[in-house]
Amino acid sequence: MVGVGLIGTGFMGKCHAIAWSAVGAVFPDVAKPRLVHLGEVNEELAKRKAGEFGFAKASGDWRAVVNDPEVDIVSLTTPNQFHPEMAIAILEAGKHLWCEKPMAPSFAEAEAMAAAAKKSGKVAALGYNYIQSPAIRHIGALLDEKIIGEVNHLRIEMDEDFMADPEALFYWKHEAASGYGALDDFAVHPLSLVSALFGRVAKVICDMAKPYADRKLAAGGRRAVETYDIASVLMHLENGIAGTLLVNRSAWGRKGRIAIQIFGSKGSILFDQERMNEIQLYVTADRPTEQGYRTILVAPHHKPYDAFLPAPGHGLGFNDLKIIECHELLTRLAGKPSRVIEFAEGLEIERTVHAMARSFEEKRWVDVR
150 MVGVGLIGTG FMGKCHAIAW SAVGAVFPDV AKPRLVHLGE VNEELAKRKA
200 GEFGFAKASG DWRAVVNDPE VDIVSLTTPN QFHPEMAIAI LEAGKHLWCE
250 KPMAPSFAEA EAMAAAAKKS GKVAALGYNY IQSPAIRHIG ALLDEKIIGE
300 VNHLRIEMDE DFMADPEALF YWKHEAASGY GALDDFAVHP LSLVSALFGR
350 VAKVICDMAK PYADRKLAAG GRRAVETYDI ASVLMHLENG IAGTLLVNRS
400 AWGRKGRIAI QIFGSKGSIL FDQERMNEIQ LYVTADRPTE QGYRTILVAP
450 HHKPYDAFLP APGHGLGFND LKIIECHELL TRLAGKPSRV IEFAEGLEIE
500 RTVHAMARSF EEKRWVDVR
């Protein structure tokens, strides 16, 4: 049985804990992992969360998790700026790693993480759970079958409204130390879908914006916002597809939107993560009298939906995608082919993000490689 360590217990930390707890029940082809050791910023919080999540041990020092001989793999779900030091320490300790995205605030740090992963020989995977969606997998199959012909245009957007309130307090995602803002906090997820469905991005031109120049501090006064909540990108993929990427963390009314529009020579495909169990398909092969978008409802024949539910129409959720990702990771640890984004591929996503940021700074088209 794989021994699991967890560092960080916020939103994504809980998602990882749920995935590790449920993966054996959902996917009987893998052994149920052991929840060994949880680390947090202090011992009191660590003990409370270990009790909630079911971990046997708790520590107020993340290094105790890394150095625990019973731990085989560590889930790293801390804020972005802590990833490099922790990830490299985990890999140097001979542990496998499941690290939340993005890899790091700077490209040099991401390169160091990728080098440490290569040197260690351990599996180092990134938390790109949206590529695990049965709907996205089916879209990939439709594209492989050329149901909509040759793809020529891609539009992809990601919007949420957790930063839309101008009266919300300043917090760590407003600090430059966390990265660029929506570009690396958000855009990496759509870019993981671009990578999975279409391959690499070749060149980009980017604009970024701050809807609010400053934010209130809890102790009084205000502090300038150092990151950009909005980014708009034009891009050309290596395979010749033209694309648009739009991301916004301050979009009132949007809760978890990743909207994809794929246009080809014989039709189009639409998808929105807020309706994650539906695909819209338009094909010119239909008679003109019946042409129109049809709704494909995700069902047991769209693997691995069937591992969760025996009937169509009941629907999967966000945490289910994390369970699928956990299963793919355990499959990879067993030496079998799997659908995970490891550090080498993740570094290409980071390279694309930093090319976008450089384009914004230099006000020009930038080659990604």
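Taking the working numbering, the leading residue of the sequence shown gets 150, the next gets one more, and so forth. A virtual CB, placed ideally from N, CA and C, is assigned to each residue, including glycine. Quick caveat, the model's predicted, so the values are computed rather than measured.
Could you tell me whether the Cβ atoms of residue i and residue j are closer together than 8 Å?
| i | j | result |
| --- | --- | --- |
| Val215 | Ala238 | yes |
| Lys359 | Tyr377 | yes |
| Leu225 | Met252 | no |
| His232 | Ser208 | no |
| Glu201 | Ala195 | no |
| Phe535 | Glu499 | No answer is possible for residue 535: it lies beyond the span of the chain, which begins at 150 and ends at 518. |
| His338 | Met384 | no |
| Val350 | Leu386 | yes |
| Ile428 | Ile305 | no |
| Asn301 | Gly348 | no |
| Val382 | Leu394 | yes |
| Pro182 | Val172 | yes |
| Leu496 | Ala259 | yes |
| Thr227 | Gly330 | no |
| Val272 | Arg481 | yes |
| Val179 | Val220 | no |
| Ala380 | Ala373 | no |
What's the call for residue i, buried or exposed, on a 16-neighbour Cβ count within 10 Å?
| i | result |
| --- | --- |
| Arg513 | exposed |
| Tyr320 | exposed |
| Asn426 | buried |
| Pro315 | exposed |
| Met505 | buried |
| Arg518 | exposed |
| Gly466 | exposed |
| Gln440 | exposed |
| His463 | exposed |
| Pro254 | buried |
| Thr433 | exposed |
| Phe204 | buried |
| Asp455 | exposed |
| Leu419 | buried |
List the endpoints of the continuous beta strand (DSSP E) containing residue i.
| i | result |
| --- | --- |
| Ile409 | Arg406 to Gly413 |
| Asp356 | Val350 to Ala358 |
| Val153 | Gly152 to Ile156 |
| Gly188 | Arg183 to Gly188 |
| Asp363 | Asp363 to Lys365 |
| Gly416 | Gly416 to Asp421 |
| Thr227 | Here Thr227 belongs to no beta strand (DSSP E), and DSSP marks it neither H nor E. |
| Ala448 | From DSSP, Ala448 is part of no beta strand (DSSP E); its letter is neither H nor E. |
Does DSSP classify residue i as helix, strand or coil?
| i | result |
| --- | --- |
| Leu458 | coil |
| His232 | helix |
| Val584 | This structure leaves residue 584 out entirely; the chain is present only between 150 and 518. |
| Asn397 | strand |
| Asp378 | coil |
| Met312 | coil |
| Phe347 | coil |
| Val220 | coil |
| Gly370 | coil |
| Met307 | strand |
| Arg436 | coil |
| Asn388 | coil |
| Asn426 | coil |
| Ser487 | coil |
| Lys322 | helix |
| Ala213 | helix |
| Thr501 | helix |
| Lys244 | coil |
| Gly495 | helix |
| His463 | coil |
| His302 | strand |
| Arg403 | coil |
| Ile297 | coil |
| Ala273 | strand |
| Ala205 | coil |
So, under 8 Å CB-CB, residue i and residue j are touching, yes? Tell me the CB distance rounded to an integer number of Å.
| i | j | result |
| --- | --- | --- |
| Arg398 | Asp334 | 7 Å |
| Gly413 | Ile297 | 3 Å |
| Glu494 | Ser344 | 7 Å |
Can we count residue i as close to the ligand COA, meaning its CB is less than 7 Å from some heavy atom?
| i | result |
| --- | --- |
| Ala265 | No copy of the ligand COA appears in this structure; indeed no ligand is present at all. |
Closer than 8 Å, CB to CB, is residue i near chain C or not?
| i | result |
| --- | --- |
| Met357 | Protein chains in the displayed structure number just one, and chain C is not present. |
What span of residues does the alpha helix (DSSP H) with residue i cover, start to end?
| i | result |
| --- | --- |
| His287 | Pro283 to Asp293 |
| Asn468 | Phe467 to Leu482 |
| Trp514 | Counting along the chain, Trp514 falls outside any alpha helix (DSSP H), and DSSP gives it neither H nor E. |
| Ala263 | Phe256 to Ser269 |
| Lys196 | Glu192 to Phe202 |
| Ala331 | Ala331 to Asp334 |
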